[in-house]
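Participant: Residue numbers (my numbering): 198 to 376.
Glycine included, every Cβ here is placed at the ideal spot set by N, Cα and C.
Once you've had a glance at the structure underneath, I'll fire off some questions.
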């Protein structure tokens with residue numbers, strides 16, 4: 198009887214996590230359907246792609262519905278930039294470099310492992326901690342990559358990240374990689 202009750206609770210938890218994840222995925226897909234592709238930073242973008250070792254660059258789209266830049270797309274990544282914030286060319290350079298670092302490191306693909314663990318072992322606090330630790334480590338690794346490959350002073354890069362992070366925290370969770 199207890200085993201059946203525990204199994205039922207586990208299945209209910211898995212289904213609830215799957216529902217939340219599918220809603221998040223649908224929200225990002227809906228956002229992408231209304232976003233507009235841009236070639237505004239094409240020359241800069243191509244140079245950044247080379248610095249990060251990418252031969253194929255994901256498209257860049259802009260949207261008024263996002264508060265902060267992020268990359269999404271498990272097999273076909275797309276970088277999403279907000280239209281509400283005004284960024285200088287040097288800020289765009291750093292922000293695009295950060296998102297390209299996620300693509301080069303295959304963070305979204307590895308994030309799928311964290312997502313699956315969070316769904317299947319939803320009840321365990323160590324898994325929640327591990328997913329948060331993974332997310333933090335992923336962001337720090339991208340920051341380190343940008344600093345190393347783009348030869349930017351750490352204080353300048355940090356100021357840009359603070360501006361973006363303080364003004365608009367990310368809301369797309371595991372469906373995207375962002376600051």
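How would you label residue 294, buried or exposed, when you count the other beta carbons within 10 angstroms and need 16 or more for buried?
Facilitator: buried
Participant: At what residue ranges does the stretch 321 to 350 contain a whole run of the alpha helix (DSSP H), taking only runs of 4 or more?
Facilitator: 322 to 347
Participant: If I measure Cβ to Cβ from residue 314 and keep anything under 6 angstroms in the same chain, skipping five residues before and after, which residues do I get?
Facilitator: 324
Participant: Does the beta-carbon distance from residue 262 to residue 232 come in below 9 angstroms?
Facilitator: yes
Participant: Within this structure, are the beta carbons of residue 255 and residue 300 separated by less than 9 angstroms?
Facilitator: It is a contact, given that the beta carbons lie within the stated cut-off.
Participant: Under a CB-based cut-off of 9 angstroms, is residue 355 close to chain B?
Facilitator: This model lacks chain B altogether, as it is built from one protein chain only.
Participant: In angstroms with no decimal places, state the Cα-to-Cα distance between residue 343 and residue 358.
Facilitator: 12 angstroms
Participant: List the residues that DSSP assigns as beta-bridge partners of residue 234.
Facilitator: According to DSSP, which records beta bridges pairwise, residue 234 is partnered with 258.
Participant: Are the CB atoms of residue 249 and residue 209 nearer to each other than 9 angstroms?
Facilitator: no
Participant: Going by beta-carbon coordinates alone, are residue 296 and residue 268 separated by less than 9 angstroms?
Facilitator: yes
Participant: Got a sec, what are the start and stop residues for the alpha helix (DSSP H) residue 308 sits in?
Facilitator: 304 to 317
Participant: Measure the beta-carbon distance from residue 278 to residue 349 and round it to whole angstroms, keeping in mind my assumption that it falls under 8 angstroms.
Facilitator: That belief does not hold up - the Cβ atoms of residue 278 and residue 349 are roughly 19 angstroms apart, past 8 angstroms.
Participant: For residue 204 and residue 276, I'd like the C-alpha separation in whole angstroms.
Facilitator: 40 angstroms
Participant: May I ask you to report which of helix, strand or coil DSSP gives residue 211?
Facilitator: Here residue 211 sits in helix by DSSP.
Participant: Look at the alpha carbon of residue 216 and the alpha carbon of residue 316, and state the distance between them as a whole number of angstroms.
Facilitator: 10 angstroms
Participant: For residue 329, which option in 311, 340 and 265 has the closest C-alpha, if you only look at C-alpha atoms?
Facilitator: 311
Participant: Check the C-beta distance from residue 260 over to residue 228 and give it rounded, since I have them as a contact under 8 angstroms.
Facilitator: 6 angstroms
Participant: Starting from the C-beta of residue 274, find all residues in its chain whose C-beta is less than 7 angstroms away, skip the five residues before and the five after it, and write them out in chain order.
Facilitator: 255, 268, 300 and 305
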